[in-house]
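Participant:
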Ligand SMILES: [Zn+2]
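Residue numbers (our numbering): 41 to 283.
#1: For residue 233, does the three-state DSSP call read helix, strand or coil?
#2: Do the region 169-176 and the region 79-86 touch if we need at least three Cβ pairs shorter than 8 Å?
#3: Heavy atom of ligand 1 less than 6 Å from the Cβ of residue 225, yes or no?
#4: Residue 238 bridges to which residues according to DSSP?
#5: Would you list the residues whose beta-carbon is nearer than 7 Å to any heavy atom of ligand 1, in the order they occur in the chain?
#6: Give me the Cβ distance between residue 262 and residue 247, rounded to the nearest whole Å; I'm assuming they're in contact under 8 Å.
#7: Within the same chain, show all residues whose beta-carbon is closer than 8 Å to that of residue 158, passing over the 5 residues directly before and after it, in chain order.
#8: Would you check if the distance between the CB atom of residue 241 and the CB atom of residue 273 is smaller than 7 Å?
#9: Can you check DSSP and say which residues form a bridge with residue 262?
#10: Taking only the alpha-carbon atoms, compute the straight-line gap between residue 131 and residue 155 and give it to the nearest angstrom.
#11: Can you tell me where the alpha helix (DSSP H) with residue 193 in it begins and where it stops?
#12: Could you tell me the alpha carbon to alpha carbon distance between residue 117 and residue 91, rounded to whole angstroms?
#13: Looking only at C-alpha atoms, which of 109, 110, 179 sits nearest to residue 72?
#14: Count the other CB atoms within 10 Å of the CB of residue 41; is the residue buried (16 or more) or exposed (fewer)?
#15: Could you give the residue range of the alpha helix (DSSP H) that holds residue 88?
#16: Using a 10 Å radius around the Cβ and a threshold of 16 neighbouring Cβ atoms, would you call residue 271 buried or exposed?
#17: If you draw a straight line from the C-alpha of residue 191 to the C-alpha of residue 70, how long is it?
#18: From the DSSP output, in three-state form, read off residue 227 for me.
#19: Looking at the structure shown, is residue 212 part of a helix, part of a strand, or coil, going by DSSP?
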């Protein structure tokens with residue numbers, strides 16, 4: 041059997057290892073990104089409550105200003121009452137005071153509502169902040185573990201790329217091209233083992249003449265079903281030689 045296909049099989053072993061390391065690295069990076077996103081989400085939630093709190097406090101201050109103005113107006117009117125001479129005028133000012141007091145009560149209710157809302161928001165901020173701190177602590181230890189794994193994978197990938205380069209030098213450029221194209225079209229597997237008369241790339245039976253040609257052909261033999269380049273393991277060749 042041609043030694044080229046054996047080299048391609050070795051190359052593919054390295055390539056599949058690189059593919060799997062890269063896939064693993066990708067999913068670790070996604071895990072890291074998800075942790076970071078969750079931290080950001082919690083921060084946004086705390087900030088959102090904080091912004092709501094600012095708004096409600098501002099609204100409460102405005103209500104309190106109105107309330108103070110209303111109280112002052114009532115006091116002024118009540119002062120006037122004592123100096124009023126006619127009944128008609130007395131009634132008019134009394135009516136004014138009653139209306140102002142009604143407004144004042146409504147304002148007081150509104151201020152109370154704002155105070156309750158402020159309490160709720162403050163406790164929500166405290167709760168969310170606690171959740172954030174706890175999550176950040178666990179996320180940062182998870183993240184450093186994940187980053188360590190990524191670093192180990194990167195080291196492995198670098199080493200595999202070096203041995204790939206060495207192995208690729210043994211293959212002619214035209215064969216490399218064929219190999220790369222096949223890998224692209226066949227989910228990364230361009231070279232497939234032939235065993236017991238089948239192609240392990242597509243699990244189809246090989247015609248006997250194709251299988252037999254693997255034992256002596258010096259050329260590349262493609263699987264007639266999936267076009268992957270076929271190779272035999274040494275033990276299969278030995279087994280065939282003994283029989
Ligand atoms: Zn096949």
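Glycine included, every Cβ here is placed at the ideal spot set by N, Cα and C.
The structure presented is a predicted model; accordingly, all values stated were derived computationally and were not measured.
Facilitator: Once the coordinates are examined:
#1: Strand, per DSSP.
#2: Cβ pair count under 8 Å is three or more, so yes.
#3: Taking non-hydrogen atoms of ligand 1 into account, the C-beta of residue 225 is found less than 6 Å away from none of them.
#4: According to DSSP, which records beta bridges pairwise, residue 238 is partnered with 235, 245.
#5: After applying the 7 Å Cβ criterion, the set is 232, 239, 241, 242, 244, 263, 265, 266, 268.
#6: Not really, about 12 Å apart at Cβ, beyond 8 Å.
#7: Correct list, in chain order: 93, 96, 97, 100.
#8: Not closer than 7 Å, so no.
#9: In the DSSP output, where bridge partners are listed per residue, residue 262 has 269.
#10: The alpha-carbon atoms of residue 131 and residue 155 are separated by roughly 36 Å.
#11: Note, residue 193: alpha helix (DSSP H), 127-208.
#12: If you take the alpha carbons of residue 117 and residue 91, they lie about 39 Å apart.
#13: When only C-alpha atoms are compared, the closest one is 179.
#14: Residue placement at residue 41 cannot be trusted, given a pLDDT of 46 that sits under 50; the coordinates are not used to answer.
#15: Element bounds for residue 88: 43-121.
#16: When all chains shown are included, residue 271 counts as buried.
#17: Straight through space, the alpha carbons of residue 70 and residue 191 are spaced by roughly 15 Å.
#18: Three-state result, residue 227: coil.
#19: When secondary structure is reduced to three states using DSSP, residue 212 falls in the coil class, being assigned neither helix nor strand.
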